[in-house]
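Q: Questions regarding the structure given below will be posed in turn.
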Amino acid sequence: EAELYARLDRATDEELRPLVEEHGGVDRDLSDARDLPTYLLRQLISVKLNENDVISEHYKFVDGTSFAAPIVSSTVACMLEANPGLTPQQVKRILVDTAERLPGVEIDRQGWGVIAPRRAVELALALRPQDA
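Numbering (the numbering used here), first residue to last: 48 to 179.
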């Protein structure tokens, strides 16, 4: 859906209606609105972009542990590749110390902040024993 909404948002007025007709089955609201004036179609597309948290053609805003877990897991895998001797406590400390707080977002909404994979791996590498 993100790809479709982003494509519709970028479409010229001439391209818009044929695209809506072509992809009407993806979204019932779009299908029902295919005969509306162009300016109303554009308003609907704007609402859909916001409702679906579309950032761009390939990205949507998402949150929660089900989305965060694979990102954190892959970061930890890279950290352990850089420094296989890390303990679980060190891994946690690195993740916490390198996370970025989000300005204007309540602490209970962001936990320790946004993971910073590059910084976490760099710190893991820096903690590697010198003779390794």
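Built from N, CA and C at the ideal position, the CB exists for glycine as well.
Distance, Cα to Cα, Val-152 vs Asp-110?
A: For Val-152 and Asp-110, the distance between alpha carbons rounds to 13 Å.
Q: Measure the C-alpha to C-alpha separation of Ala-179 and Glu-128 and round it to an integer number of angstroms.
A: The pLDDT assigned to Ala-179 is 49, lower than 50, so where the model puts this residue is not dependable; a value taken from the coordinates is nonetheless given after this. Taking the straight line joining both Cα atoms gives about 13 Å.
Q: If we call anything under 8 Å between Cβ atoms a contact, is Leu-125 one with Val-168?
A: For the sequence presented, residue 125 should be read as Cys rather than Leu. Yes, Cβ-Cβ distance for Cys-125 and Val-168 is below 8 Å.
Q: Here's a check: name, in chain order, each residue in its chain whose Cβ is nearer than 7 Å to the Cβ of Leu-63, leaving out the five neighbours to either side.
A: Only Leu-55, Thr-85 and Leu-88 meet the Cβ criterion.
Q: So what's Glu-50 in DSSP terms, helix, strand or just coil?
A: Glu-50: helix per DSSP, three-state reduction.
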